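In what follows, a single structure is set out as structure tokens and then discussed.
2 protein chains.
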Amino acid sequence: MGLQSFVEVHPDSHFPIQNLPYGVFRPEPGSEPRPGVAIGDYVLDLSAIASAGLFDGPILRRSDCFHQTNLNKLLGMGRPAWTEARATIQKILSSTEPTLRDNASLRQKALVPMDKAEMLLPMAIGDYTDFFTSMHHTKNCGIIFRGPDTPIPPNWFHLPIAYHGRASSVVVSGTDIVRPRGQGHPTDNSPPYFGPSLKLDFELEMAVIVGPGNELGKSIDVNEAADHIFGLVLMNDWSARDIQAWEYIPLGPFLGKSFGTTISPWIVTLDALEPFACDAPKQNPRPLPYLAEKVSKIYDISLEVRIKPAGEEQAHVVTRSNLKHLYWTLTQQLAHHTINGCNLRPGDLLGTGTISGPEPESYGCLLELTWNGQNLLSLGGTTRKFLGRWR
Amino acid sequence: MGLQSFVEVHPDSHFPIQNLPYGVFRPEPGSEPRPGVAIGDYVLDLSAIASAGLFDGPILRRSDCFHQTNLNKLLGMGRPAWTEARATIQKILSSTEPTLRDNASLRQKALVPMDKAEMLLPMAIGDYTDFFTSMHHTKNCGIIFRGPDTPIPPNWFHLPIAYHGRASSVVVSGTDIVRPRGQGHPTDNSPPYFGPSLKLDFELEMAVIVGPGNELGKSIDVNEAADHIFGLVLMNDWSARDIQAWEYIPLGPFLGKSFGTTISPWIVTLDALEPFACDAPKQNPRPLPYLAEKVSKIYDISLEVRIKPAGEEQAHVVTRSNLKHLYWTLTQQLAHHTINGCNLRPGDLLGTGTISGPEPESYGCLLELTWNGQNLLSLGGTTRKFLGRWR
Chain H
1 MGLQSFVEVH PDSHFPIQNL PYGVFRPEPG SEPRPGVAIG DYVLDLSAIA SAGLFDGPIL
61 RRSDCFHQTN LNKLLGMGRP AWTEARATIQ KILSSTEPTL RDNASLRQKA LVPMDKAEML
121 LPMAIGDYTD FFTSMHHTKN CGIIFRGPDT PIPPNWFHLP IAYHGRASSV VVSGTDIVRP
181 RGQGHPTDNS PPYFGPSLKL DFELEMAVIV GPGNELGKSI DVNEAADHIF GLVLMNDWSA
241 RDIQAWEYIP LGPFLGKSFG TTISPWIVTL DALEPFACDA PKQNPRPLPY LAEKVSKIYD
301 ISLEVRIKPA GEEQAHVVTR SNLKHLYWTL TQQLAHHTIN GCNLRPGDLL GTGTISGPEP
361 ESYGCLLELT WNGQNLLSLG GTTRKFLGRW R
Chain R
1 MGLQSFVEVH PDSHFPIQNL PYGVFRPEPG SEPRPGVAIG DYVLDLSAIA SAGLFDGPIL
61 RRSDCFHQTN LNKLLGMGRP AWTEARATIQ KILSSTEPTL RDNASLRQKA LVPMDKAEML
121 LPMAIGDYTD FFTSMHHTKN CGIIFRGPDT PIPPNWFHLP IAYHGRASSV VVSGTDIVRP
181 RGQGHPTDNS PPYFGPSLKL DFELEMAVIV GPGNELGKSI DVNEAADHIF GLVLMNDWSA
241 RDIQAWEYIP LGPFLGKSFG TTISPWIVTL DALEPFACDA PKQNPRPLPY LAEKVSKIYD
301 ISLEVRIKPA GEEQAHVVTR SNLKHLYWTL TQQLAHHTIN GCNLRPGDLL GTGTISGPEP
361 ESYGCLLELT WNGQNLLSLG GTTRKFLGRW R
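Going down the list, the protein sequences come from chains H and R.
In this text, residue positions in the first sequence follow the UniProt record's numbering: the first is 1, and each later residue adds one.
In this text, residue positions in the second sequence follow the UniProt record's numbering: the first is 1, and each later residue adds one.
Here it is as structure tokens:
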């Protein structure tokens with residue numbers, strides 16, 4: 001039996017004392033945003049804990065990082081601060097520690113019922129980058145968009161391919177997404193289609209939240225890259241496949257993606273994920289020295305996507321995948337990003353790309369699941385090619 | 001004879017009272033950054049002018065937009081504020097207005113010799129987008145990278161193609177750029193090259209600085225797009241052609257660009273550019289209704305690139321081009337960017353893409369000028385394929 005909290009945590013909760021993901025929330029409408037961590041059905045208000053003087057370690061004692069409206073300051077402080085914060089929070093939430101447990105007035109102030117908390121985007125995102133690191137997804141998209149000859153481009157096994165995404169339209173889970181209008185690929189010699197996207201899709205991803213950055217012109221060593229990663233969020237890289245297919249040659253995806261990208265409000269730290277670390281897949285050909293890691297690991301994280309049609313009670317599972325299906329590790333992605341001297345900043349978001357597994361049931365988007373609309377996906381009583389019932 | 005300033009302005013100065021571009025500067029090392037406008041060989045310190053109570057119009061009277069360390073607040077206030085600011089500044093700088101002219105102590109405070117001022121990035125850039133709107137550049141790159149068959153992709157005449165760039169590595173003119181390391185395209189079956197880029201290039205561009213933005217999910221009408229444009233900067237989109245050629249399939253340019261992008265410290269406003277407006281090129285096929293403008297204009301701005309080799313006295317002109325060579329207008333670029341609901345924010349940077357004209361002497365980058373290194377470019381006594389003498 002491991003560490004336990006005095007806060008009651010249901011056995012199937014995502015938020016035991018071993019997790020403690022970070023977010024930013026308002027305890028009530030109109031109140032100032034503040035950092036918090038999830039514990040059971042509560043959010044622990046870190047500004048209240050800091051005001052009570054409970055962050056008494058050498059780094060955090062004099063810091064105002066928990067009196068900010070986002071996590072960027074904490075992100076920039078790096079692993080020593082994160083380790084100290086985690087130790088302090090685990091201690092004050094543990095069942096054997098009386099400080100918070102036996103202080104009813106502080107508990108009242110600091111433990112906010114999660115269903116009362118309004119969750120916000122946890123950090124100001126300077127830049128958002130999206131990688132393309134699942135081999136299965138790459139191969140499926142290659143066949144669908146470019147045909148069965150060499151669906152995986154020759155560069156793919158040498159470097160973690162990525163593109164710059166749009167930071168302004170990254171929103172927190174629960175934010176409405178408006179179906180984008182745009183130009184779709186013409187058929188034959190007709191003019192391009194214009195109107196609301198007919199091929200709206202989700203993409204199952206996770207994303208790294210960058211901690212301390214690097215100076216412009218300096219690179220981050222792949223073996224030190226983990227110290228620049230605060231943690232991971234879930235991400236849905238909403239995609240309009242008809243817009244994307246028409247616009248992406250030769251400079252890549254643009255409006256087919258930039259209408260909205262959703263991330264989870266909770267950032268799960270690398271410390272919390274450590275028990276789920278596993279060996280990364282073997283890479284062949286061997287990566288160039290700047291991408292060769294002393295220890296090459298990924299995390300065994302089961303991922304699931306459910307769709308709940310409008311007006312229906314029930315959500316339907318449409319895919320089951322796992323982070324461990326990625327070919328390139330998170331640390332390789334980050335190191336590659338800086339090999340040219342590009343500067344990362346605290347709060348930057350690095351998406352993994354769609355996480356598809358090898359089996360059709362594990363494909364991470366409808367483009368693959370319905371093979372670009374050629375097959376129907378069953379959702380209880382109805383079917384889908386892409387998102388929405390209106391076509 | 002038009003409006004004249006009491007500040008002496010040389011006839012060949014870029015900064016007569018008709019221009020008045022905005023920037024952000026430090027009057028001396030370590031002092032607080034503040035907004036300014038250029039006039040002759042001086043920078044007018046707008047924080048000093050505001051402190052003296054000279055911004056006395058209805059919008060700016062109570063605003064603290066000139067007491068900020070960047071221009072974002074002014075950018076977000078929109079055209080009425082910009083018009084009021086320009087009128088006020090032109091008035092107080094004019095030869096017939098005694099307020100500043102005859103106040104030695106205020107002149108001493110507010111007029112900073114340009115060679116003493118440290119120019120900074122004028123705004124915080126939320127997102128940076130780079131378009132691809134010169135037909136000549138598109139065609140030349142198409143032939144070089146993809147061969148002579150259909151060098152201009154079929155989508156190009158239907159929409160202003162663009163990609164998301166890296167905001168963190170945008171720097172102000174004069175900032176050193178470190179030659180990026182990275183993977184270059186392998187020849188035949190060899191492994192990819194790794195090392196400092198062998199094909200470092202400049203790209204002659206201009207870029208829009210966005211004023212008021214739009215809400216996520218709402219588009220900006222092309223006929224109202226000009227009200228969302230504060231002004232233009234010069235831009236050098238440094239490019240590593242060997243890195244770019246290897247990485248860009250299928251998701252576009254990434255590390256071949258993100259090691260640095262230089263913009264001028266001065267933003268020339270659309271108001272100042274109005275006398276240089278001219279008809280935009282005729283577009284065929286006719287653009288879709290959301291891109292069809294009642295008035296379709298561009299600006300006649302002569303552009304020149306000079307290279308000054310290390311250790312030499314003299315800079316050599318390597319290209320002469322003009323903004324009017326663009327096929328898609330600035331307002332079409334901005335409207336297209338939002339047609340899917342993507343939200344722009346004050347301070348966003350929208351590059352035009354390389355501005356190449358029809359003649360070889362007007363090509364906007366070395367890739368085109370030396371045809372990917374096949375020809376030598378003469379620079380006084382030496383020659384170049386790409387930037388740097390070391391290869």
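Quick reminder that beta carbons are idealized off the backbone N, C-alpha and C, glycines included.
On a predicted model such as this, the values are computed, not experimentally measured, just so you know.
Cβ distance (whole Å) where residue i is taken to contact residue j below 8 Å
i        : j        : result
THR99/H  : GLY351/H : Wrong, their Cβ atoms sit about 39 Å apart, outside the cutoff.
GLN332/R : PRO160/R : 6 Å
LEU330/H : ILE229/H : 6 Å
ASN140/R : SER356/R : 7 Å
PRO196/R : ARG181/R : 5 Å
GLY231/R : THR269/R : 4 Å
LYS116/H : PRO35/H  : LYS116/H to PRO35/H, Cβ: 17 Å. No contact.
HIS316/R : TRP246/R : Their Cβ separation, rounded to whole angstroms, is 30 Å, which puts HIS316/R and TRP246/R out of contact at 8 Å.
Minimum Cβ-Cβ distance from residue i to chain R less than 8 Å
i        : result
ARG391/H : Residue placement at ARG391/H is flagged as unreliable, the pLDDT there being 48, under the threshold of 50; the coordinate-derived value follows with that caveat. Chain R contact via Cβ: absent.
GLY322/H : For the record, residue 322/H in the displayed sequence is Asn; it is not Gly. False, the Cβ-Cβ gap to chain R never drops below 8 Å.
ARG345/H : yes
VAL178/H : yes
HIS158/H : yes
ILE298/H : no
Where residue i meets chain H, residues with beta-carbon distance less than 7 Å
i        : result
TRP246/R : ASN155
GLY217/R : VAL178
PHE132/R : LEU251
Interface flag, residue i vs chain H, CB-CB below 8 Å
i             : result
PRO265/R      : no
LEU20/R       : no
ILE229/R      : no
GLN183/R      : yes
SER173/R      : no
GLY388/R      : no
SER258/R      : yes
PHE194/R      : yes
PRO250/R      : yes
LEU288/R      : yes
ILE144/R      : no
residue 397/R : Lying before the first or after the last residue shown, residue 397/R is absent from chain R, which here runs from 1 to 391.
Under 8 Å from the C-beta of residue i: neighbouring residues of chain R
i        : result
LEU255/H : HIS336, HIS337, ILE339, ASN340 and CYS342
Interface partners of residue i on chain R, CB under 9 Å
i        : result
LEU93/H  : Residues of chain R passing the Cβ test: none, with the nearest at roughly 36 Å.
ALA167/H : GLY126, ASP127, HIS164 and ALA167
LEU200/H : Within 9 Å Cβ-Cβ: nothing; LEU200/H doesn't reach chain R, min ~11 Å.
is_contact[residue i, chain A] using C-beta, thresh 8 Å
i       : result
ILE39/R : Note that chain A does not occur in the displayed structure, where the protein chains are H and R.
Residues that residue i contacts on chain R, provided the C-beta gap is smaller than 7 Å
i        : result
ILE355/H : Going along chain R, no residue has its Cβ under 7 Å from ILE355/H, so there is no contact; the nearest lies around 16 Å.
ILE243/H : ASN340
Contacts that residue i makes with chain H (C-beta to C-beta distance below 9 Å)
i        : result
ILE209/R : Per Cβ cutoff of 9 Å: no residues; ILE209/R is ~15 Å from chain H at best.
ILE152/R : Neighbours of ILE152/R on chain H: none; closest Cβ ~10 Å, over 9 Å.
> Mind pulling the beta strand (DSSP E) runs of 3 or more residues that sit fully within the region 249 to 320 of chain H?
Replying inline: As for any beta strand (DSSP E) of minimum length 3 sitting wholly inside the region 249 to 320 of chain H, the runs are 261 to 263, 277 to 279, 297 to 299 and 302 to 307, ordered along the chain.
>> Which runs of the alpha helix (DSSP H) at least 4 residues long sit entirely within the region 20 to 69 of chain H? Give them in chain order.
In response: The DSSP assignment places 46 to 51 as complete runs of the alpha helix (DSSP H) inside the region 20 to 69 of chain H, in order along the chain (cut-off: 4 residues).
>> Restricting to runs no shorter than 3 residues, where is the beta strand (DSSP E) found entirely within the region 161 to 235 of chain R?
In response: Within the region 161 to 235 of chain R, the runs of beta strand (DSSP E) at least 3 residues long that lie entirely inside it are, in chain order, 162 to 164, 170 to 172, 181 to 184, 193 to 196 and 204 to 210.
>> Runs of 4 residues minimum, wholly inside the region 307 to 386 of chain R: which ones carry the alpha helix (DSSP H) assignment?
In response: Listed in chain order, they are 330 to 338 and 366 to 369.
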